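In what follows, a structure is listed as C-alpha cells, so that the remarks can point back to it.
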Amino acid sequence: MRYGTKNEWKVTIGRILMLPAALLLMVPFALGAQDFASTSDVAFNPEDVTFNKDIAPILQRSCQNCHNPVGVAPMSLVTYDETRRFARRIKERTAIRDRAGAMPPWYVEKNIGIQQYKQDTSLSDEQVAMIAAWADNGTPEGDPADLPPVRVFDDNAEWTIRPDLVAISEEMFVGGGDADWWGEIESFATGLEEDRYVRAVQIREVNDIKDQQDNGRQTVGQRYVVHHMIWQTTSSGRGTSWPVHEVGRNPDVFDDDAGRLLRAGSMIGSSSIHLHSNGQDTRARLEVAFEFFPVGYEPKYQGSITSLANGSDIDIEANMTGQRLDAYLVTQRHTKIISFEPHLHAPGERMCLEAIWGFKAETLS
Numbered sequence: 046m047r048y049g050t051k052n053e054w055k056v057t058i059g060r061i062l063m064l065p066a067a068l069l070l071m072v073p074f075a076l077g078a079q080d081f082a083s084t085s086d087v088a089f090n091p092e093d094v095t096f097n098k099d100i101a102p103i104l105q106r107s108c109q110n111c112h113n114p115v116g117v118a119p120m121s122l123v124t125y126d127e128t129r130r131f132a133r134r135i136k137e138r139t140a141i142r143d144r145a146g147a148m149p150p151w152y153v154e155k156n157i158g159i160q161q162y163k164q165d166t167s168l169s170d171e172q173v174a175m176i177a178a179w180a181d182n183g184t185p186e187g188d189p190a191d192l193p194p195v196r197v198f199d200d201n202a203e204w205t206i207r208p209d210l211v212a213i214s215e216e217m218f219v220g221g222g223d224a225d226w227w228g229e230i231e232s233f234a235t236g237l238e239e240d241r242y243v244r245a246v247q248i249r250e251v252n253d254i255k256d257q258q259d260n261g262r263q264t265v266g267q268r269y270v271v272h273h274m275i276w277q278t279t280s281s282g283r284g285t286s287w288p289v290h291e292v293g294r295n296p297d298v299f300d301d302d303a304g305r306l307l308r309a310g311s312m313i314g315s316s317s318i319h320l321h322s323n324g325q326d327t328r329a330r331l332e333v334a335f336e337f338f339p340v341g342y343e344p345k346y347q348g349s350i351t352s353l354a355n356g357s358d359i360d361i362e363a364n365m366t367g368q369r370l371d372a373y374l375v376t377q378r379h380t381k382i383i384s385f386e387p388h389l390h391a392p393g394e395r396m397c398l399e400a401i402w403g404f405k406a407e408t409l410s
C-alpha cells in the first residue's frame, strides 16, 4: 500500500522484485540458501536444551498461531506429546528458512534490507540450532516447572481485533466432491450509517464443519472452504479496495496516519472468490469485522494500491535458469510504504524490493 501526502517528492521506487501490497509480480531467479548457525556457533549447551524450558516458548511465539487444536495447520504443536512425534520434521522445516516448505513461513532474508516487521514470526539462528539440538538429543521434556503457561485456543475463533462493526455474507454451500470454483458472490451490506475511518479489518470463515479428522482432502487444516477472496466496498458508485482475504491471514492493521475510509451505506462485494471442497458437504459464510478510529479522526496520508508487472507481461523461457523481470514505478508524491505482500507462484523463486534515488539504489527487502 502506498500513501502520499500533498507534498511532492520525486523518488523512484524501482527494480521492484518484491511487491508492495497487491503488486502481482513473478520473477524466476536463481536462489542460494542462506548460511545458518550450527550448534557450535551459539551460546548454549546443546545437551541442556529441553522442551519445557527452550522449545515451548519458541513454539508459542512462532508456531502455535496456526499449529493448535483449532488452527489452520494440519497438526497441533501445543503439548510435549504432540510435538515430540514431529521433532525431526520440525528440525528439517525450520532449517530451510528461505525456500518453499520453510517453517515458520517467513521468507524475508536475514542478511539484507529491513528486518523490523510487525508480527515477525521468524526464528533466529540460535533458535533454529536449539530446535536441531533438541531433536538430535532425543527430545527431552525437562523440568515441568520450566514450562510457560499453556496457551488456550478458543474453538469459537474470537476476533484478534476489537470489532466496531461486523458484516456477514450470504451462506455458501460447497459439496464434498465439488471441483474448485472461482466467481462472484452476492454483495452484502455493512449497515454503516456514517462515514468512518478504519483502523483494522479482519475476515473469518464460519462454517458447519464438525469433525476435522479424516474428512477427505488435505486442504488447509481441512477446516475451510474459502481459499481467498478479492473484495471491495462500494457506496453511491464509489469503490474502495481492501486487502485480499486468504486462509490464515492475520488482521490488516493500517498505519495510524493512514486509516481507510468506509463510507456510509457501503456494500461488500467480490467478483473473484475461490471456493474449494474439504471433502465433506459444507455450509459457510464470511464475517468481515472493522475496527474504527475515533469519530473526528482524519488521516495524514491518502491510501492507494499500485499494481505492476501482471502475468501477461511475463515471458518465461523453457529450461533456462536465472530469468529476471524488472518493473519500476516513479512516485509523484512523498510516499510511505506501510506494507507489502510478496506473491509468487511456482515458476518464481525470488523477489526483491529496491528504492532508487538518483544513482543510489537501496535494497528494502
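Sequential numbering of the sequence shown, starting at 46, is according to my numbering.
Beta carbons are placed, not taken as given, at the ideal position from N, Cα and C, and that holds for glycine.
Remember, predicted model here, so these are calculated numbers, not experimental data.
Given a cut-off of 8 Å on the beta-carbon distance, is the pair residue i and residue j in contact?
i	j	result
Pro102	Pro194	no
Trp179	Ala118	no
Ser303	Tyr342	Correcting the residue identity first, residue 303 is Ala in this sequence and not Ser. No, these two residues do not count as a Cβ contact at 8 Å.
Ile100	Ile206	no
Val115	Phe198	yes
Leu370	Ile359	yes
Val123	Asn113	yes
Asp225	His321	yes
Leu353	Ile248	no
Between the options, which has its C-alpha nearest residue i's C-alpha?
i	options	result
Arg283	Val153, His272, Met312 and Val292	Met312
Asp181	Thr376, Met120 and Arg130	Arg130
Phe96	Ala406, Thr184 and Glu332	Thr184
Leu237	Pro208, Ile254 and Asp225	Pro208
Glu215	Thr166, Trp151, Val289 and Val333	Val333
Lys136	Ile213, Leu168, Ser232 and Arg294	Leu168
Tyr373	Ile350, Phe385, Thr380 and Glu399	Glu399
Arg106	Thr166, Ala145, Thr128 and Met120	Thr166
Ser232	Ala212, Asp223 and Glu171	Ala212
Whose C-beta lies closer than 8 Å to the C-beta of residue i among residues of the same chain, with five residues either side of it excluded?
i	result
Gln160	Val153
Arg305	Tyr242, Val243, Val246, Thr285, Trp287, Phe299 and Gly348
Thr278	Thr235, Gly284, Thr285, Trp287, Leu307, Arg308, Ser311, Met312, Ile313 and Gly314
Tyr162	Val153
Asp188	Thr95, Asn97 and Lys98
Ala75	Note that Ala75 scores a pLDDT of 32, beneath 50, so its modelled location is shaky; the value from the coordinates is reported in the next line. These residues qualify, in order along the chain: Thr366, Gly367, Glu394 and Arg395.
Glu239	Ala309
Count the other C-beta atoms from every protein chain shown that fall within 10 angstroms of the C-beta of residue i, then say buried if there are 16 or more, exposed otherwise.
i	result
Gly77	Because Gly77 sits at a pLDDT of 35, beneath the cut-off of 50, its placement in the model cannot be relied upon, and the following sentence gives the value as read from the coordinates. Exposed, by the Cβ-count rule.
Arg196	exposed
Pro149	buried
Val390	Note that residue 390 is His in the sequence shown here, rather than Val. It is exposed - the Cβ of His390 has fewer than 16 other Cβ atoms within 10 Å.
Trp227	exposed
Gln164	exposed
Thr366	exposed
Ile16	This structure does not reach residue 16, given that the chain is present from 46 up to 410, and the question cannot be answered.
Phe404	exposed
Glu336	buried
Arg134	exposed
Asn295	exposed
Ser410	buried
Cys397	buried
Ile254	buried
Asp297	buried
Suppose the cutoff is 6 Å on Cβ atoms and the five residues either side in sequence are ignored; what does the same chain contact list for residue i look like?
i	result
Ile230	Ser315 and Ile318
Ala329	Met217, Glu250, Asn252 and Val270
Glu291	His273
Gly220	Asp326
Gly146	none
Trp151	Thr166 and Ser167
Glu127	Ser121
Beta-carbon within less than 7 Å of residue i's beta-carbon, same chain only, minus the 5 sequence neighbours each way: which residues are those?
i	result
Glu7	No information on residue 7 is available, as it lies outside the stretch 46 to 410 that the chain covers here.
Cys108	Leu122 and Pro149
Those runs of the beta strand (DSSP E) which lie wholly inside the region 336-404 and span at least 3 residues
347-349, 374-376, 380-382 and 399-402
Sequence ranges, beta strand (DSSP E) only - wholly within the region 155-240, length at least 3
210-213, 217-219 and 226-234
Please give the ranges of any alpha helix (DSSP H) in the region 116-162, keeping only runs that are unbroken, at least 4 residues long and fully inside the region.
125-129 and 132-141
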